[in-house]
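Student:
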């Protein structure tokens with residue numbers, strides 16, 4: 001990822017809206033759990049905070 005706006009920083013729990021993961025979270029709210037299908041199965045995330 002060349003553009004800072006496209007980055008994910010898991011150490012700081014920050015995901016850019018422009019990243020593929022950020023795009024998957026669009027339309028969801030704080031506190032929601034989101035399931036994302038990936039080639040290895042389904043990943044589950046909980047949205048802690050929206051900045």
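Residue numbers (this note's numbering): 1 to 51.
In this text, a Cβ means the ideal position worked out from N, Cα and C, and glycines have one as well.
Could you check the C-alpha separation between residue 2 and residue 8 for me, to the nearest Å?
Tutor: The count along the chain shown starts at 1 and reaches residue 2 at position 2. The count along the chain shown starts at 1 and reaches residue 8 at position 8. Reliability fails at residue 2, whose pLDDT of 48 lies under 50, so the model's placement of it is uncertain and no value is given.
Student: At what residues does the alpha helix (DSSP H) containing residue 21 begin and finish?
Tutor: Residue mapping note: residue 21 aligns to position 21 of the chain shown, counting from 1. Start and end: 20–25.
Student: Just grab the DSSP bridge partners of residue 43 for me.
Tutor: The residue you call residue 43 lines up with position 43 of the chain shown. For residue 43, which the question treats as bridged, DSSP gives the partners 36.
Student: Measuring only the C-alpha atoms, how far is residue 26 from residue 48?
Tutor: Taking the first residue of the chain shown as 1, we reach residue 26 at position 26. Taking the first residue of the chain shown as 1, we reach residue 48 at position 48. Rounded to whole angstroms, residue 26 to residue 48 spans 14 Å at the Cα level.
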